[in-house]
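Inspection log for the structure reproduced underneath, given as structure tokens.
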Amino acid sequence: MGVYRGGSANKRNVRILLVGDPGVGKTSLILSLVSEEFPEEVPPKCEEITIPADVTPEQVPTNIVDYNATEQTDETLEAEMRRAHVVCIVYSASDQESLDRVVSYWLPLIRECCSEPRNHDGDNVQYQMKPIVLVGNKIDLVDTSTIDNVLGIMEEYPEVESCIECSAKTLKNISEMFYYAQKAVLHPTSPLFIMENQDLTEACKQALIRIFKVCDIDGDGLLNDYELNHFQRRCFNAPLQPQILDEVKAVLQHNVPNGIENDSVTLKGFLFLHILFIQRGRNETTWAVLRKFGYDENLDFSREYLYPPLKIPSTSSTEISHRGTRFLTHLFDRHDKDRDGALSVKELANVFSACPNGLPPWGKGKNCCDIVPTNEMGWLTHHGWLCQWTLLCLTNHLKYLEYLAYLGYNIHENDSQLTAIQVTREKRLDLAKKQTSRNVFTCHVIGPQGSGKTVFCQSFIKDDPQITNPKSRRSKSKSRTNNSSTSAEEKVFEESPRYCVNTVQVYGQEKFLVLRDVEVRQITDPLMPDEVNCDVACLLYDTCDDKSFEYIARIYIKYFAQSSIPVLIVATKSDLEDVRQDYVLQPDQFCAKYNLLPPQRFASGSKNIIGDSIKDVYVKLATMAAFPRFQAAWILFYKHRFVQLCQHATHLKYFGLSPDEPLLWWKAGLGLAAASVVGYFVMKIFSSNTTSSSTFR
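This note's numbering puts the first residue of the sequence shown at 5, with every later residue one more than the last.
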């Protein structure tokens, strides 16, 4: 049977219940604590006592509750046990029978009354137990100690946190007794330590291993002086004095083989230090470390630590902040041991070894090379690494915050993960200003099956995407309305990556573009709201399939004609022979009617049909997303200055606006230059006249 017990430094109060056989001195202990003298007359039962926070060692208000078997029923006792945070079982050090009753009656009663199943793991049922302190009163009446007998009880009952002998008459250890009771609640032992084995629990060990890895800034498997000082400052807001550091190393050198290596603390030594803290009754030290790193009383991550509250308007999005990018870059560099600019399978596993499941947030089965740019081995480069995290932050900000906590962002940045995320301006404000400050844009790629969506998306991150051959794509497109399509075809479709992420330059600024391949199983299937809402829509049709354009035409009219979402129509497989589309309007006519840019021709390969780079279409999509409702910016953003026009002529060419006659641009440039010169001299003369007139006033 596993045992878990509640306990938290964040409790608003501590409720202590004293139980035991009649005559053991329960009421006397309470009255001696309050009055600081032994009462000559003791009532049958003491009323509930409240001790203010400012007079308790842990600065927590404490309620002390007495029990009397004559005045209270068994039902009342059980109710008080459940309400209490800790139960002190009092026995008389001068009465062996009262100690025997601790084992035969009181401990089983408390277990039966207060233990609740916490979780089930096969036959191993784990229970949440009530912490208990054994109190041997009337120590002034005996010459021998009962502690040796009690230690055996502690091994048998792990919920027993501590034992103490005291005397209500001489006031010996009275305040210490109630301090131990507070500690049993706020800094419990059993989640951390197995008394019979004198070793850390597995949960505590795993938590401390993660903490060690997070604090190992240079990733060498050791904690050097700088890392130990960083750890000390983060946990206790104070530096580690050189003398104390030397003493710690000396203790490890003497007690732990391989506890010190290269004058640094090893993992083995780090774990031993915490065993030492607990054995010496300094549980609060280990708990302070655990809580600083996000663990709750059951050594699970607290929800508040993983998911700090963040308000996101419905039309806003989430992006990685500058501090978040800096942390992720440092994390990448720290684990790129061979400095080849990419994370191998082993290096990537080491990054996430500090996480509970040891897996990246995008899952073990995900092939990164189908989602973000990678090297020829399929390993994440630094660029692909940031793309992957950008996608996570955009699509699942809670998991993004969760994994930053696992990886130690809070410790290294000494701040909440909220500083690693940026909530963008609401889209309605972007539309009103006809531009956006966002750095991440979502493009939904929509088209019938077989139109080449997967190739289009994969071409964004690969120079030579290897998906399926054109024949198989066309055959799938022609059979898209056949309800008896093979499961193999569906499997190929389902295995296609849903997202592809890369960066593009929009007028000299790097922007992330996220392509989402919107699934279309039947041509009659409606699109869901989340499949429509995006920053820019890319509607694909197959130039070789006469039925292909009709689908996206209907999609545009139904979902986008009245919306503010920019739309670009892309004609795929443009390296093959076009066929006339079986629709009332041909693609060029359709675009002209709805005031859309002409269809962008696209074919997988290094060059598209009109000789432009295959990547041009993605720049065009990102530019349209960056300047919604402002088509002039899609085309003429840099025409106002001739020098910039020359520098960004390539960007304008993405929109099909490079003139056939270069002379036209020279004339325009010379005209702009002449106008600038004339304007300069006019302003010069005007300025001179103004100065002269002011002189003779």
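Don't be surprised by glycine CBs; every beta carbon is placed ideally from N, CA and C.
Cut-off 7 Å between Cβ atoms - residues of its own chain near residue i, not counting five sequence neighbours on either side
| i | result |
| --- | --- |
| GLU718 | This structure cannot settle anything about residue 718, because the visible part of the chain is limited to 5 through 701. |
| ILE151 | CYS167 and GLU169 |
| LEU196 | LEU204, THR205, CYS208, ILE282, ASN287 and THR290 |
| ASP434 | THR440 and PRO632 |
| ALA679 | Any reading at ALA679 must be qualified, since the residue scores a pLDDT of 45, below 50, and its modelled position is unreliable; no value is offered. |
| MET199 | MET158, GLU159 and PRO162 |
| TYR309 | GLY298 and ALA409 |
| ALA73 | PRO26 |
| CYS50 | THR31, ILE34, LEU35 and ASP70 |
Residue span of the alpha helix (DSSP H) that contains residue i, given as start and end
| i | result |
| --- | --- |
| GLY454 | Segment: none, GLY454 is in no alpha helix (DSSP H) and carries neither H nor E. |
| GLY328 | 326-339 |
| ILE143 | Where ILE143 is concerned, there is no enclosing alpha helix (DSSP H), given that its DSSP letter is neither H nor E. |
| ASP229 | 229-240 |
| LYS217 | 206-219 |
| GLU160 | 151-160 |
| GLN526 | First-last for GLN526: undefined, no H or E at that position. |
| ASP521 | Per DSSP, ASP521 belongs to no alpha helix (DSSP H); it is in the beta strand (DSSP E), 513-521. |
| PRO112 | 111-118 |
| GLU103 | According to the sequence displayed, residue 103 carries Leu and not Glu. Start and end: 100-105. |
Supposed close pair residue i, residue j - CB separation, criterion 8 Å
| i | j | result |
| --- | --- | --- |
| ILE279 | LEU204 | 6 Å |
| ILE573 | LEU543 | 5 Å |
| PRO602 | ASP586 | Contact flag wrong, Cβ pair sits at about 20 Å. |
| PRO377 | GLU301 | About 44 Å; that fails the 8 Å criterion. |
| SER608 | VAL459 | 5 Å |
| VAL164 | LEU190 | The pair is not a contact, with the Cβ atoms about 17 Å apart (cut-off 8 Å). |
| VAL28 | SER102 | 5 Å |
| THR446 | SER325 | With a Cβ gap of about 19 Å, THR446 and SER325 do not count as contacting. |
| TRP393 | ALA346 | Not really, about 15 Å apart at Cβ, beyond 8 Å. |
| CYS92 | LEU22 | 5 Å |
| ILE541 | ILE569 | The amino acid at residue 541 is misidentified as Ile; the sequence shows Ala. At roughly 5 Å, the Cβ-Cβ gap stays under 8 Å, so ALA541 and ILE569 are in contact. |
| VAL90 | VAL18 | 7 Å |
| PRO360 | LEU352 | Not a contact, Cβ separation roughly 17 Å. |
| GLU323 | VAL510 | About 15 Å separates the two Cβ atoms, so there is no contact after all. |
| GLY456 | THR576 | 4 Å |
Endpoints, the beta strand (DSSP E) within which residue i is located
| i | result |
| --- | --- |
| THR399 | No beta strand (DSSP E) contains THR399, which is instead part of the alpha helix (DSSP H) from 386-399. |
| SER166 | 164-169 |
| ASP467 | Counting along the chain, ASP467 falls outside any beta strand (DSSP E), and DSSP gives it neither H nor E. |
| ASN354 | Per DSSP, ASN354 belongs to no beta strand (DSSP E); it is in the alpha helix (DSSP H), 349-355. |
| VAL91 | 90-96 |
| GLN509 | 503-510 |
Residue i classed as buried or exposed, judged by whether at least 16 other C-beta atoms fall within 10 angstroms
| i | result |
| --- | --- |
| ALA565 | exposed |
| HIS401 | buried |
| GLN526 | exposed |
| GLU84 | buried |
| ASP220 | buried |
| ASP534 | exposed |
| PRO61 | exposed |
| GLN186 | buried |
| HIS448 | buried |
| ILE248 | exposed |
| PHE240 | exposed |
| GLU406 | buried |
| ARG520 | buried |
| GLY285 | exposed |
| THR490 | For THR490, the predicted model reports a pLDDT of 38, less than 50, meaning its position is unreliable and no value from the coordinates is stated. |
Spatial neighbours of residue i in its chain, beta-carbon cut-off 8 Å, leaving aside the 5 residues before and after
| i | result |
| --- | --- |
| ARG429 | SER320, THR440, SER441 and ARG442 |
| ARG16 | VAL64 and PRO65 |
| PHE276 | LEU256, ASN259, VAL260 and GLY263 |
| VAL583 | THR547, CYS548, ASP549 and ASP550 |
| PRO317 | VAL427 and GLU430 |
Same chain, Cβ closer than 6 Å to residue i, five either side skipped, listed in chain order
| i | result |
| --- | --- |
| GLY412 | VAL218 |
| ARG105 | ASP25 |
| VAL496 | Residue confidence for VAL496 is low, a pLDDT of 38 falling below 50, so the modelled location carries little weight; the figure read from the coordinates is stated next. Cβ neighbours of VAL496 beyond the five flanking positions: none. |
| PHE235 | CYS219 |
| GLU554 | TYR587 |
| TYR404 | LEU396 and CYS397 |
Neighbour flag for residue i against chain D, beta carbons, 7 Å
| i | result |
| --- | --- |
| ASP434 | Among the chains of the structure shown, chain D does not appear; only one protein chain is present. |
query: Going along the chain, which unbroken runs of the beta strand (DSSP E) with 3 or more residues stay wholly within the segment 533-619?
result: 540-546 and 571-576
- prompt: Which ranges would you report for the beta strand (DSSP E) in the segment 259-335 if only whole runs of at least 3 residues count?
  reply: 322-324
message: Suppose only complete runs of 3+ residues qualify. What are the beta strand (DSSP E) ranges in the segment 401-453, listed by chain order?
response: 425-427 and 444-450
- request: Identify every run of the beta strand (DSSP E) within the segment 8-83, keeping only runs that are complete inside it and at least 3 residues long; order them along the chain.
  value: 18-24, 53-55 and 66-69
task: Within the segment 169-199, note down every full beta strand (DSSP E) run reaching 3 residues or more, in order along the chain.
output: none
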